[in-house]
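Written below as structure tokens is the structure these notes are about.
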Amino acid sequence: MGPAGRPSVVDVAFPSGAGVIPDASSRAKAIQRLRLGDIAFRFLTKTAAIGVLIILGGVLFSLIEGSLPALQAFGIDFLLEQRWNPVTEKFGALAPIYGTLVTSLIAMAIAVPIGLLIAMFLTELCPMWLRRPIGIAIELLAGIPSIIYGIWGLFVFAPFLQDTLQPFLIATFGNIPVLSSLFAGPPYGIGVLTAGLILAIMVLPFITSISRDVFDAVPPVLKEAAYGVGCTTWEVVRNVVLPYTRVGVIGGIMLGLGRALGETMAVTFVIGNAHKISASILAPGTTISATIANEFTEAVGDLYTSSLIALGLILFVITFIVLAAARYMLLRIERRIG
Amino acid sequence: MATMTSAAAMNSLYAARRRRNAIMMTLAVGATLLGLGWLVVILGELVYQGFAGLSLAVFTEMTPPPGADGGLLNPIIGSLILTVLAVAIGTPIGMLAGTYMAEYGRHDRLSTVVRFINDILLSAPSIVVGLFIYEVMVAPMGHFSGLAGAVALAVIVIPVVVRTTEDMLMLVPDQLREAAASIGMPRAITIIRVCYRAAKAGMITGVLLAIARISGETAPLLFTALNNQFWSTNLNAPMASLPTVIFQFALSPYKDWQKLAWTGALIITFTVLALSIVARALASSRKSP
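From first to last, the protein sequence lines are chains A and B. My numbering numbers the first residue of the first sequence as 17 and each following residue consecutively. My numbering numbers the first residue of the second sequence as 111 and each following residue consecutively.
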């Protein structure tokens, strides 16, 4: 199978004698050497596999160790307090946690329906020759580094929102009781809503490509039966495809959510980095990852640094749970199909 | 026979179903156009803003102080060093781990656990990786360093390579392994000489995807490699990289820094897109025969 000139297996096993039958002792020696090499290689690969587990353990352990001072100093209050004061060294994680959850919620509310619609287009409507190019183009969106979304969001998208969507929202909902506080305040451009919208664009490809893959896995006979009794395309998707792929679609959504929760650079650029919880989603806020990215290198004092690491620990635990649930669901649908 | 009224009712029900279908299909087309539109808008803006600042000086001069002319030479070199080092550290570990899962322990408990954990690491927030390396390398060493940055990126490379190596080795037909075993080939040599060779294109794809993934990573570098305004290839000192320079320059109030940030963004994006397109082409050329 190799090109000419490469040593064959026999040469590897018996380097000395090409064509010569070696005596029994050197043969035994060669076999012994091969067996040792085999054991060594197996050991090496197993060590590397365990190394992956060690990385996860190391991440968890170092975060716990680093956040101990803050957790000991503030206890459960760390999770419940909004204050974030480097001068008096009083820290609470509520504002970043709130910002992380709200931006992710906005992102999912927008990206899930759009992602599912694109997946439906790609599997049911799109002509065959267009499926691959469009699929690849959507996946390229996932390949663009997050800092690019950040710089684009800051210089292009935020000013655009400031001039168009935000004044519109303020004017439209200004007189409606609950919504007026949700869309209150001057249109800054940057803020929670902008971060949520950018996140929506970023997680869209993940949701789209996984939904497309699980939609494709629906047995054609099920869909053909539904079409055969006169269902429209939408009815087939609504009543056959979605129920069949529900677990996989939810898995894909959770995977996107995991991305949105941990996304750093894009959010850091556009969220405004304000340590407070505002009722208005037009106001600046902060997320866990944006707080760490902005403040970690400038943090003075052990308690400040430790509080930021504790934020990292909270983020890691939240995303771990979400991602583990996502993987579990995707495994379930894989098992059913495979 | 149905009466006239129920026939009319049937017709209007049918019309309603048709109408609902038309609405949903229009929305689906609209959503796709929206998704593609974002790609066009973002890339268009990047090309428009980035090309304005693109010149030879970008590749030959150091990052300038505010108000002066300069280029991006030191961050480009820094990014190259960090990426090469990260791939050199991460690829062997990832390949070996993937090999264990696909060849030795395909169904054992260790592989199942590692597969699950690896998939989580694959999408874990990269800023947490930065914190991890800060804790285990930067804090004990007492200073930021290029080496710490490379290790942080390697931690991101490993899961990508593990995943593709395992997937690609799984695709190698078992007949090849059986044929090798039947002529008395030891397992290790079978893997290295037969399986790796059969899965080569796919494994290279994995490495390319890993490079694409880390060349835009910023968060894990912020508090490991930090940044450096000056020329430095010392791995034991802070090192500049394109993403961190973009971060710093884009958020600065200086117009020429912002312009360089756009140019840097253009360079990174097209590197990443080119890598992922090459990786894709490689993967699909492997699949077709």
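Note that beta-carbon positions come from the ideal geometry of N, C-alpha and C, so glycine has one too.
By DSSP, does residue i sit in helix, in strand, or in coil?
| i | result |
| --- | --- |
| F171 (chain A) | helix |
| F107 (chain A) | strand |
| W100 (chain A) | strand |
| G294 (chain B) | coil |
| D232 (chain A) | helix |
| Y204 (chain A) | coil |
| T284 (chain A) | helix |
| P399 (chain B) | The pLDDT assigned to P399 (chain B) is 38, lower than 50, so where the model puts this residue is not dependable, and the model offers no usable value. |
| C247 (chain A) | coil |
| C305 (chain B) | helix |
| A141 (chain B) | helix |
| A393 (chain B) | helix |
| I66 (chain A) | helix |
| I152 (chain A) | helix |
| F312 (chain A) | helix |
| E240 (chain A) | helix |
| V253 (chain A) | helix |
| R225 (chain B) | helix |
| D54 (chain A) | helix |
| K369 (chain B) | helix |
| L190 (chain B) | helix |
| E350 (chain A) | helix |
| P363 (chain B) | coil |
Closest to residue i by C-alpha separation, out of the options, would be which residue?
| i | options | result |
| --- | --- | --- |
| I349 (chain A) | A:V230, A:Q48 and A:S296 | A:V230 |
| V270 (chain B) | B:M205, B:E213 and B:A258 | B:M205 |
| A153 (chain A) | B:I377, B:T354, B:W148 and B:S362 | B:W148 |
| F359 (chain B) | B:A322, B:L182 and B:L143 | B:L182 |
| S165 (chain B) | B:G145, B:K369, B:V282 and B:T193 | B:K369 |
| M218 (chain A) | B:R129, B:L146 and B:M135 | B:L146 |
| V128 (chain A) | A:L156, A:G212, A:L298 and A:G244 | A:G212 |
| P174 (chain B) | B:S116, B:M135, B:F340 and B:A320 | B:F340 |
| L133 (chain A) | A:V253, A:G288, A:G317 and A:N289 | A:V253 |
| P221 (chain A) | B:R127, B:A141, B:A118 and B:V224 | B:A141 |
Could you tell me the alpha carbon to alpha carbon distance between residue i and residue j, rounded to whole angstroms?
| i | j | result |
| --- | --- | --- |
| T63 (chain A) | N184 (chain B) | 37 Å |
| L392 (chain B) | G312 (chain B) | 7 Å |
| A112 (chain B) | M120 (chain B) | Only weak support is given to the placement of A112 (chain B): the predicted model assigns it a pLDDT of 48, under 50, and the value that follows is read from those uncertain coordinates. Rounded to whole angstroms, A112 (chain B) to M120 (chain B) spans 10 Å at the Cα level. |
| I226 (chain B) | W367 (chain B) | Residue identity differs from the one stated: residue 226 (chain B) is Phe in this sequence, not Ile. About 43 Å. |
| I160 (chain A) | I356 (chain B) | 14 Å |
| T335 (chain A) | G278 (chain A) | 7 Å |
| S394 (chain B) | R148 (chain A) | 11 Å |
| Y165 (chain A) | I214 (chain A) | 7 Å |
| P202 (chain A) | V286 (chain A) | 16 Å |
| A158 (chain A) | R297 (chain B) | 38 Å |
| L332 (chain B) | V238 (chain B) | 11 Å |
| P399 (chain B) | C142 (chain A) | Bear in mind that the predicted position of P399 (chain B) carries a pLDDT of just 38, short of 50, making it unreliable; the figure below should be weighed with that in mind. Looking at the two C-alpha atoms, the distance is approximately 26 Å. |
| V386 (chain A) | L220 (chain B) | Here chain A has residues from 17 to 354 only, and residue 386 (chain A) is not among them. |
| R130 (chain B) | N255 (chain A) | 14 Å |
| I199 (chain B) | T315 (chain B) | 17 Å |
| V283 (chain A) | G190 (chain A) | 27 Å |
| S162 (chain A) | G268 (chain A) | 20 Å |
| F59 (chain A) | Y320 (chain A) | 43 Å |
| S197 (chain A) | W100 (chain A) | 24 Å |
| Y244 (chain B) | L138 (chain A) | 43 Å |
| L195 (chain B) | A295 (chain A) | 46 Å |
| T224 (chain A) | I191 (chain B) | 35 Å |
What does residue i touch in chain B if you count any residue whose Cβ is under 9 Å from its own?
| i | result |
| --- | --- |
| F336 (chain A) | I230 and A234 |
| V118 (chain A) | Per Cβ cutoff of 9 Å: no residues; V118 (chain A) is ~17 Å from chain B at best. |
Which residues in chain B sit within 8 Å of residue i, going by Cβ to Cβ distance?
| i | result |
| --- | --- |
| R99 (chain A) | The contacting residues do not exist; R99 (chain A) stays about 22 Å from chain B at best. |
| P161 (chain A) | S325, G326, E327, T328, P353, I378, T379 and V382 |
| L79 (chain A) | V238, L241, F242 and E245 |
| T280 (chain A) | P235, S236, I237, T328 and A329 |
| K62 (chain A) | Y210, Y214, G215 and L220 |
| S305 (chain A) | P235, I237 and A329 |
What does residue i touch in chain A if you count any residue whose Cβ is under 9 Å from its own?
| i | result |
| --- | --- |
| M134 (chain B) | L133, M136, T248, T249, W250, V253 and R254 |
| A309 (chain B) | Near A309 (chain B) there are no residues of chain A at all, since even the closest Cβ is about 13 Å away, more than 9 Å. |
Can you pull the chain A neighbours of residue i, defined as C-beta to C-beta under 8 Å?
| i | result |
| --- | --- |
| G312 (chain B) | In chain order: nothing, as chain A lies at least about 17 Å away. |
Find the residues of chain A that neighbour residue i, judging by a C-beta separation of less than 7 Å, and give them in chain order.
| i | result |
| --- | --- |
| W148 (chain B) | L157 and I217 |
| V265 (chain B) | I71 |
| E155 (chain B) | W168 and V172 |
Which residues in chain B sit within 7 Å of residue i, going by Cβ to Cβ distance?
| i | result |
| --- | --- |
| D54 (chain A) | P296, R297 and A298 |
| L213 (chain A) | By Cβ distance, chain B contributes nothing, its closest Cβ being about 11 Å from L213 (chain A), past 7 Å. |
Contact between the stretch 226-241 of chain B and the stretch 259-278 of chain A (3+ Cβ pairs under 8 Å):
Touching, yes.
Say whether the stretch 172-189 of chain A touches the stretch 383-390 of chain B, bearing in mind that this needs 3 or more beta-carbon pairs closer than 8 Å, one atom from each stretch.
Short answer: they don't touch.
Determine contact between the stretch 271-288 of chain B and the stretch 206-224 of chain B, defined as no fewer than three beta-carbon pairs at a distance below 8 Å.
The stretch 271-288 of chain B vs the stretch 206-224 of chain B: in contact.
Is there contact here, the stretch 250-260 of chain B with the stretch 342-355 of chain B, by at least three beta-carbon pairs under 8 Å?
Below 8 Å, enough C-beta pairs join the stretch 250-260 of chain B and the stretch 342-355 of chain B to call them touching: three or more.
Pair every Cβ in the stretch 238-246 of chain A with every Cβ in the stretch 307-314 of chain A, then say whether three or more of these pairs are closer than 8 Å.
The stretch 307-314 of chain A and the stretch 238-246 of chain A do not touch, with fewer than three beta-carbon pairs separated by less than 8 Å.
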